[in-house]
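J.: Mapping of the sequence shown onto full-length UniProt numbering: position 423 corresponds to residue 423, and the numbering continues sequentially without gaps.
Shown below is the structure under consideration.
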Amino acid sequence: MAAMACTRLGFEARPLLAMALGLRGLGGLRGLRVGDAGGGGVRWRWKAVGGSCRSAGVGVRARGLRGGVSGRECGELILGIETSCDDTGAAVVTTDGRILGEALSSQADLLVQWGGVVPNLAQDAHAKAIDKVVADALANAGVQEEDLSAVAVTIGPGLSMCLRVGVSKARDIARVHRLPMVGVHHMEAHALVARLTEKGVEFPFVVLLVSGGHNLLLLAQDVGQYTQLGTTVDDAIGEAYDKTARLLGLDLKRGGGPALEQLALEGNPKAFNFSVPMRQRQNCNFSYAGLKNQVRLAIAAKNINAEVPLSETDTEERRLRADMAASFQRVAVLHLEDRCRRALEWARKIDPSVACLVVSGGVASNQVVRSRLNYITQEVGLRLVCPPPRLCTDNGVMVAWAGVEHYNRGMTQPPPPIDEPLDAWLDLRPRWQLGEILEEGVADAHKRSLKKTGTHPSLTAQVRSYAEGNC
Numbered sequence: 001m002a003a004m005a006c007t008r009l010g011f012e013a014r015p016l017l018a019m020a021l022g023l024r025g026l027g028g029l030r031g032l033r034v035g036d037a038g039g040g041g042v043r044w045r046w047k048a049v050g051g052s053c054r055s056a057g058v059g060v061r062a063r064g065l066r067g068g069v070s071g072r073e074c075g076e077l078i079l080g081i082e083t084s085c086d087d088t089g090a091a092v093v094t095t096d097g098r099i100l101g102e103a104l105s106s107q108a109d110l111l112v113q114w115g116g117v118v119p120n121l122a123q124d125a126h127a128k129a130i131d132k133v134v135a136d137a138l139a140n141a142g143v144q145e146e147d148l149s150a151v152a153v154t155i156g157p158g159l160s161m162c163l164r165v166g167v168s169k170a171r172d173i174a175r176v177h178r179l180p181m182v183g184v185h186h187m188e189a190h191a192l193v194a195r196l197t198e199k200g201v202e203f204p205f206v207v208l209l210v211s212g213g214h215n216l217l218l219l220a221q222d223v224g225q226y227t228q229l230g231t232t233v234d235d236a237i238g239e240a241y242d243k244t245a246r247l248l249g250l251d252l253k254r255g256g257g258p259a260l261e262q263l264a265l266e267g268n269p270k271a272f273n274f275s276v277p278m279r280q281r282q283n284c285n286f287s288y289a290g291l292k293n294q295v296r297l298a299i300a301a302k303n304i305n306a307e308v309p310l311s312e313t314d315t316e317e318r319r320l321r322a323d324m325a326a327s328f329q330r331v332a333v334l335h336l337e338d339r340c341r342r343a344l345e346w347a348r349k350i351d352p353s354v355a356c357l358v359v360s361g362g363v364a365s366n367q368v369v370r371s372r373l374n375y376i377t378q379e380v381g382l383r384l385v386c387p388p389p390r391l392c393t394d395n396g397v398m399v400a401w402a403g404v405e406h407y408n409r410g411m412t413q414p415p416p417p418i419d420e421p422l423d424a425w426l427d428l429r430p431r432w433q434l435g436e437i438l439e440e441g442v443a444d445a446h447k448r449s450l451k452k453t454g455t456h457p458s459l460t461a462q463v464r465s466y467a468e469g470n471c
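Take a look at the structure:
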């Protein structure tokens, strides 16, 4: 009966043909549904009839793609949509790894105005931008919605109100055109994008994800298979950069991190003797709350007034702020180095074939971070891989590529019901763990807190469960 319904909708349903783990090079197994957060029943393989490029020539205006593609030379097309926080992104990427078109809308003005992300305002901004961003990405790719093979969208972690905008748009497109979907883990998208932009990034590899909301150290063993080596105990490095930039009265229009990095070039990194966090803790976790507090107290002691913009300070005041920025950055990056050294050691004990460290997330654009991490990888004979800066921050390309990685392994979900109501329940995962936690070196209190991070199993546990047939 299910198969008959599939046929009427223009899809073919087939029994589960392969499991999610260890399936490399199975590009022909498109659309395998490996399940969702709840419910049981038969898992079907869905594949859109058609869903490739138009037969006519396709004009391409995306960055980095020369010339054009025509007919089926472009492979199958995946649309990616990202709305997890404060950037509205969309992109079209081919299953053979070409970026055909992308678009991005930033909420930088709102961030400056309110000093951070305000969820309801961010949701409104996404709602206003989403249709145009998706339309622009498709136009830049020279394709239309009916040319797509699947839709990938971030379902977590992130702000629920923001995630809802992207998921609703993705489901609407998938519903109308009967396209399979991929629910993407935001942090996995950051982890995998290096496999799109750089050659030779093969599993297993170590991943450092550094952003405003997350610090994560992972051993990536395959798509959907991660071991968490370390995570954020309190504040992430990106949040610490942003807070320090605000306290120093920097211009936040292009982001607190870049502004602080630029000012730090003028300063003495040893002018203030801030202590490096957690050096007595022999694990891979991160903590920036204490460093933030040290900086706040030092700024107060020096009577630095954030209400006075940097551009209006005299030479002496500017030098003081530059010294503060440089001293903060030195210690913040030293903390990253400490944790990464240990993580690389742990990862190579688990799997000696680890060959590279992938660094992604907004802070991966920082040149001091890249330089120091390149130094420690060279120490141990590994390769450092960083995506281009524009793909380190949140964007639609990384979501589309994560969708490709899952799609090529047959890990998708069927399209939404054709008559799905506007108020239908959506699978949003604002708190969603990516990998299984490595027990070594994690304090008992932190283990207890990690168990409360969400109601959903980790992506790794979920994929493993389906692979073992516990659907």
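Think of the CB as a built atom: it goes at the ideal place given N, C-alpha and C, for glycine as much as any other residue.
(1) Would you mind stating whether S211 and G255 have Cβ atoms separated by less than 9 Å?
(2) With V358 and Q329 assumed to form a contact (beta carbons below 8 Å), what rounded beta-carbon distance in angstroms separates them?
(3) Starting from M187, trace the alpha helix (DSSP H) in both directions and tell me its first and last residue.
(4) May I have the straight-line CA-CA distance separating V117 from I155, to the nearest angstrom?
(5) Under the rule that 16 or more other beta-carbon atoms within 10 Å means buried, what is V184, buried or exposed?
(6) Would you be able to state if there are at least three C-beta pairs under 8 Å between the segment 396 to 404 and the segment 414 to 424?
(7) Could you give the distance in angstroms between the alpha-carbon of N273 and the alpha-carbon of A300?
(8) At a cut of 8 Å, does the segment 155 to 175 reach the segment 381 to 393 through at least three beta carbon pairs?
(9) By a C-beta neighbour count over all protein chains shown, 10 Å radius and 16 as the cutoff for buried, is N408 buried or exposed?
(10) Going by CA-CA distance only, name the one from A322, S327 and L138 that's closest to P269.
(11) Just the Cα atoms here: how many angstroms apart are S311 and L79?
(12) By the three-class DSSP mapping on this structure, what secondary structure does A355 have?
(13) Taking 6 Å as the limit between beta carbons, can you name the residues of its chain near E102, skipping five residues before and five after?
(14) I need the DSSP call for D222, collapsed to helix, strand or coil.
(15) Tell me the DSSP secondary structure of residue 472 in three-state form.
(16) Rank A170, A220, R171 and V167 by C-alpha distance to the C-alpha of V193 and give the top, closest one.
(17) According to DSSP, is A461 helix, strand or coil?
(18) Rounded to whole angstroms, what's the CA-CA distance from S106 to V134? Just pull it up for me.
(19) Please identify the residue among P258, H126 and Q462 whose C-alpha is closest to the C-alpha of D87.
(20) Helix, strand or coil: how does DSSP classify A103 here?
(21) Output yes or no for whether 9 Å exceeds the beta carbon distance between R319 and E266.
(22) Taking 6 Å as the limit between beta carbons, can you name the residues of its chain near C284, skipping five residues before and five after?
(23) Looking at V151 and A170, is the spacing between their C-beta atoms short of 9 Å?
(24) Tell me whether S84 is buried or exposed, calling it buried when 16 or more other Cβ atoms sit within 10 Å of its Cβ.
(25) Among residues of its own chain, excluding the 5 on either side of P416, which ones have a beta-carbon nearer than 7 Å to its beta-carbon?
(26) With which residues is E82 paired in a DSSP beta bridge?
(27) Alpha carbon to alpha carbon, how far is L148 from A108? Give it in angstroms, no decimals.
(28) Please name the residue, chosen from E82, G115 and Q262, that lies closest to L104 on a Cα-to-Cα basis.
(29) What separation, rounded to the nearest whole angstrom, lies between the Cα atoms of residue 502 and V354?
(30) Please name the residue, chosen from T197, V223, F203 and A189, that lies closest to L209 on a Cα-to-Cα basis.
(31) Do V356 and V385 have their C-beta atoms within less than 9 Å of each other?
(32) Are the beta-carbon atoms belonging to E317 and V308 less than 9 Å from one another?
(33) Please state whether the Cβ-Cβ distance between L336 and V295 is less than 9 Å.
(34) Report the three-state DSSP secondary structure of S160 (helix, strand or coil).
T.: This is what the structure holds:
(1) Taking the first residue of the sequence shown as 1, we reach residue 211 at position 211. Taking the first residue of the sequence shown as 1, we reach residue 255 at position 255. Between S211 and G255, the C-beta gap is not smaller than 9 Å, which leaves the two residues out of contact.
(2) Stepping through the sequence shown from its first residue, residue 358 is reached at position 358. Stepping through the sequence shown from its first residue, residue 329 is reached at position 329. In this structure V358 does not touch Q329 by the C-beta definition: roughly 22 Å separates them, more than the 8 Å allowed.
(3) For the purposes of this step, residue 187 is taken as the residue at position 187 of the sequence shown. For M187, the uninterrupted alpha helix (DSSP H) run begins and ends at H186 to L192, by DSSP.
(4) Position 117 of the sequence shown, counting from 1, holds the residue named residue 117. Position 155 of the sequence shown, counting from 1, holds the residue named residue 155. When the Cα atoms are used, V117 and I155 turn out to be separated by approximately 18 Å.
(5) Position 184 of the sequence shown, counting from 1, holds the residue named residue 184. The residue is buried, with at least 16 neighbouring Cβ atoms inside 10 Å.
(6) The segment 414 to 424, when compared against the segment 396 to 404, does not touch it at the 8 Å Cβ threshold.
(7) By one-based count along the sequence shown, residue 273 stands at place 273. By one-based count along the sequence shown, residue 300 stands at place 300. Going from the Cα of N273 to the Cα of A300 covers about 15 Å.
(8) no
(9) The residue labelled residue 408 in the question sits at position 408 within the sequence shown. Burial call: buried.
(10) Here residue 269 corresponds to residue number 269 of the sequence shown, with the count starting at 1. Nearest of A322, S327 and L138 to P269, Cα basis: S327.
(11) As a working mapping, residue 311 is identified with position 311 in the sequence shown. As a working mapping, residue 79 is identified with position 79 in the sequence shown. So the two alpha carbons sit approximately 42 Å from each other.
(12) Position 355 of the sequence shown holds residue 355. Coil, per DSSP.
(13) The count along the sequence shown starts at 1 and reaches residue 102 at position 102. Answer for E102: A91, A137, G396 and V397, listed in chain order.
(14) Within the sequence shown, the letter at position 222 stands for residue 222. Strand at D222.
(15) Given that the chain is displayed from residue 1 to residue 471, the structure contains no residue 472 and the question cannot be resolved.
(16) Counted from its first residue, the sequence shown places residue 193 at position 193. If we check each option's Cα against that of V193, A220 comes out closest.
(17) Here residue 461 refers to the residue found at position 461 when the sequence shown is read from its first residue. It is helical.
(18) Position 106 of the sequence shown, counting from 1, holds the residue named residue 106. Position 134 of the sequence shown, counting from 1, holds the residue named residue 134. Whole-angstrom Cα-Cα distance: 14 Å.
(19) Position 87 of the sequence shown, counted from the start, is the residue given in the question as residue 87. The option with the nearest alpha carbon to D87 is H126.
(20) As a working mapping, residue 103 is identified with position 103 in the sequence shown. DSSP places A103 in the strand class (E or B) of the three-state scheme.
(21) Your numbering for residue 319 matches position 319 in the sequence shown. Your numbering for residue 266 matches position 266 in the sequence shown. Yes, they are a contact pair.
(22) Residue numbering aside, residue 284 sits at position 284 when the sequence shown is read from its first letter. Excluding positions up to five away in sequence, the list reads L217, L229, G230, R339, R342 and A343.
(23) Counted from its first residue, the sequence shown places residue 170 at position 170. Counted from its first residue, the sequence shown places residue 151 at position 151. Yes; because the gap between Cβ atoms is below 9 Å, this pair is in contact.
(24) On the sequence shown, position 84 is the one that residue 84 refers to. Classification for S84: buried.
(25) Residue mapping note: residue 416 aligns to position 416 of the sequence shown, counting from 1. The answer, listed in chain order, is R171, A174 and R175.
(26) What you label residue 82 is simply residue 82 of the sequence shown in a count that begins at 1. Paired residues: G89.
(27) Locating residue 108 in the sequence shown gives position 108, counting from the first residue. Locating residue 148 in the sequence shown gives position 148, counting from the first residue. A108 and L148: Cα-Cα distance of roughly 31 Å.
(28) Start at 1 with the first residue of the sequence shown, and residue 104 comes out as number 104. Of E82, G115 and Q262, the residue nearest in Cα terms is E82.
(29) No answer is possible for residue 502: it lies beyond the span of the chain, which begins at 1 and ends at 471.
(30) Your numbering for residue 209 matches position 209 in the sequence shown. With distances taken between Cα atoms, L209 lies closest to A189.
(31) Position 356 of the sequence shown holds residue 356. Position 385 of the sequence shown holds residue 385. With the sequence shown as reference, residue 356 is identified as Cys, and Val is not the correct amino acid for it. In this structure, the beta-carbon distance from C356 to V385 falls below 9 Å.
(32) To locate residue 317, count along the sequence shown from 1; it is residue 317. To locate residue 308, count along the sequence shown from 1; it is residue 308. Yes; because the gap between Cβ atoms is below 9 Å, this pair is in contact.
(33) Stepping through the sequence shown from its first residue, residue 336 is reached at position 336. Stepping through the sequence shown from its first residue, residue 295 is reached at position 295. No. Outside cutoff.
(34) As a position in the sequence shown, residue 160 is number 160, starting the count at 1. Looking at S160 - three-state DSSP - the assignment turns out to be helix.
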